[in-house]
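*Asks:* Dumping the structure here so I can ask a few things about it.
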Amino acid sequence: MIIVSEKAKERILELRKEEGRNENENIRVSVKGGGCSGLMYDLGFDSNTVETDHVFEDKGVKIIVDRKSLLYLAGTTLEFSDGLNGKGFQFVNPNASRTCGCGESFSI
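Residue numbers for the sequence shown follow the numbering used here, beginning at 141 and rising by one.
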């Protein structure tokens, strides 16, 4: 399961509206190779699912995760920060043993 913070939920709903996306376009979170720590997060809107996808819902936000990425993301919280120290979505991942300074990549 992936948890969505209240601020992340608000920003996702704002982005959906700003970009003219419909309610069928949900958030897809995946993990890909790359970044300075070896693995990096990928986040975007998607209206398609396949049989091996897992769909979670938290605070009214549906999140799609492929089977492989789920192994890395279980228990992760999706946060949003708009403060002076950075702006954007951040992942609080209890499975990560190391994260990079920008918060966009991690290792297990």
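Even glycine gets a Cβ: it sits at the ideal position worked out from N, Cα and C.
Considering E191, what are the terminal residues of the alpha helix (DSSP H) in which it resides?
*Replies:* Here E191 belongs to no alpha helix (DSSP H), and DSSP marks it neither H nor E.
*Asks:* Are A148 and E197 close, meaning C-beta to C-beta below 7 Å?
*Replies:* Going by C-beta atoms, A148 is not nearer than 7 Å to E197.
*Asks:* Is the beta carbon of I204 closer than 7 Å to that of D186?
*Replies:* Contact: yes.
*Asks:* Just to confirm the assignment, what range does the alpha helix (DSSP H) spanning I152 have?
*Replies:* Note, I152: alpha helix (DSSP H), 146–158.
*Asks:* May I ask you to report which of helix, strand or coil DSSP gives R161?
*Replies:* Three-state result, R161: coil.
*Asks:* Taking Cβ to Cβ, would you say T216 is nearer than 7 Å to F229?
*Replies:* No.
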